[in-house]
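Input: a single structure, listed below in structure tokens.
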Amino acid sequence: MTLIRTIVGFLITIAVLVFAAANLHTIEVYYTPFTPALELPLFIVALGLMSFGFVIGSMMVWINEGKARRERCRQRKEISKLQKELEETHAPNDSDAPPSDFFPALPKAFKK
Numbered sequence: 002m003t004l005i006r007t008i009v010g011f012l013i014t015i016a017v018l019v020f021a022a023a024n025l026h027t028i029e030v031y032y033t034p035f036t037p038a039l040e041l042p043l044f045i046v047a048l049g050l051m052s053f054g055f056v057i058g059s060m061m062v063w064i065n066e067g068k069a070r071r072e073r074c075r076q077r078k079e080i081s082k083l084q085k086e087l088e089e090t091h092a093p094n095d096s097d098a099p100p101s102d103f104f105p106a107l108p109k110a111f112k113k
């Protein structure tokens, strides 16, 4: 899996470098109508907007997955509670003889 991730990362890096080399032209960027234009290379504007979109999209996915994270946390707590309860019910008794409350007719001599 690490090899695949490395190869994909390398290919993306090569694609970004080729894109940057092909788009070195400067463009004028106006933030407001009252400020002077800022001249930037086209690849900086394009990669900046793509990065901004990636960050916003990641935040939206993280927010939308909040319900699933809460449910997973609730299920983990319930599983640990049920496992603890299961361990308590299967705990070995101190003696092999049944308790005297269940079998009152048995004399105490039969108990170990």
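Residue numbering for the sequence shown follows the numbering used here, beginning at 2 and increasing consecutively. By construction, the Cβ of each residue, glycine as well, lies at the ideal position given by its N, Cα and C atoms. Because the structure is a prediction, the values reported are computed rather than measured.
When secondary structure is reduced to three states using DSSP, L25 falls in the coil class, being assigned neither helix nor strand. For a cut-off of 8 Å, the C-beta gap from V17 to L48 is around 7 Å, short enough to register as a contact. In the DSSP assignment, P42 forms a beta bridge with T27.
DSSP, reduced to helix, strand and coil, places F35 outside both helices and strands of the structure shown, so it counts as coil. The DSSP-derived three-state label of A92 is coil. One Cα belongs to R70, the other to G58, and the distance between them is close to 18 Å. Taking C-beta atoms as the reference points, F11 and N24 fail to come closer than 8 Å. V46 sits close to V30, with the two beta carbons spaced by under 8 Å.
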